[in-house]
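Visitor:
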Amino acid sequence: MFYREALGVVMLAVLAQMAPAQQASSGSVEDVIRDQMAAFQSDDWERAFGHASPSIQGIFRTPETFGEMVRRGYPMVWRPGEIRFGAMSEKSDRRVQVVIVTDERGVPHALEYEMVPAPEGWKINGVRLLQSDVGA
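According to this note's numbering, the sequence shown holds residues 390 to 525 in order.
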């Protein structure tokens, strides 16, 4: 009887610790995205590149090449006006975060950020444009 009660208390403690950990993961995903966008704003390509996953870093090889891709392919991310975070979902060990970015002209864009875990925290493994204009 004592064994079952003790096991129950341990299980409750473990479950109680899981919820804050999931919330922390959500916050850190947003923090990584926000910091990368802040790096883009100041053209700090090295800092922005540091938030990319090893896979993405392998594709672009240098912060400068990565920066050129962002400037040409994702101008709304390079120079965002407003940033809002939407739903986040879990897919295996990855997180998918929807971000609504309003560009400098006031046009909103929905983007999907795929985040992967790394020893030092979350890394951005890809960004996909969901729609060209969300609010139109």
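Where is the CB? At the ideal position from N, CA and C, for every residue including glycine.
1. CB residue 548 to CB residue 500, shorter than 8 Å?
2. Quick one: does the C-beta of residue 435 sit closer than 7 Å to a heavy atom of the ligand SAH?
3. Is residue 484 helix, strand or coil when you go by DSSP?
4. Just checking, does the stretch 431 to 450 make contact with the stretch 499 to 514 on the three C-beta pairs under 8 Å criterion?
5. Using the Cβ count rule (16 or more neighbours within 10 Å means buried), how would you classify residue 464?
6. Give me the DSSP bridge partner(s) of residue 469.
7. Can you tell me whether residue 425 is buried or exposed, with buried defined as 16 or more other CB within 10 angstroms of its CB?
8. Going by the beta-carbon positions, is the gap between residue 462 and residue 434 smaller than 8 Å?
9. Restricting to Cα atoms, I'd like to know which of 519, 417, 498, 483 is closest to residue 471.
10. Find the nearest neighbour of residue 492 within the set 467, 422, 513, 480, judged by alpha-carbon distance.
11. Put residue 517 into one of helix, strand or coil per three-state DSSP.
12. If you follow the beta strand (DSSP E) that residue 497 is in, where does it begin and where does it stop?
13. Among all the DSSP beta bridges, which residues are the ones paired with residue 477?
14. Quick check: what's the CA-CA separation for residue 440 versus residue 517?
Guide: Let me spell this out:
1. This structure does not reach residue 548, given that the chain is present from 390 up to 525, and the question cannot be answered.
2. Questions concerning the ligand SAH fall outside what the structure shown contains, since it holds no ligand whatsoever.
3. Your numbering for residue 484 matches position 95 in the sequence shown. Residue 484: strand per DSSP, three-state reduction.
4. yes
5. By one-based count along the sequence shown, residue 464 stands at place 75. Under this definition residue 464 is an exposed residue.
6. Mapped onto the sequence shown, residue 469 falls at position 80. In the DSSP output, where bridge partners are listed per residue, residue 469 has none listed.
7. Numbered from its first residue, the sequence shown carries residue 425 at position 36. Answer is buried; the Cβ neighbour count reaches 16.
8. The sequence position of residue 462 within the sequence shown is 73, counting from 1. The sequence position of residue 434 within the sequence shown is 45, counting from 1. No.
9. Locating residue 471 in the sequence shown gives position 82, where the first residue counts as 1. It is 498 whose Cα lies nearest to the Cα of residue 471.
10. Within the sequence shown, residue 492 is the residue found at index 103, counting from 1. The shortest Cα separation from residue 492 among 467, 422, 513, 480 belongs to 467.
11. Taking the sequence shown and counting its residues from 1, one reaches residue 517 at position 128. Strand, per DSSP.
12. Within the sequence shown, numbered from 1, the residue matching residue 497 stands at position 108. Where residue 497 is concerned, the enclosing beta strand (DSSP E) stretches over 497 to 507.
13. The count along the sequence shown starts at 1 and reaches residue 477 at position 88. 486.
14. In the sequence shown, the residue the question calls residue 440 occupies position 51. In the sequence shown, the residue the question calls residue 517 occupies position 128. Cα to Cα, the separation comes out at about 16 Å.
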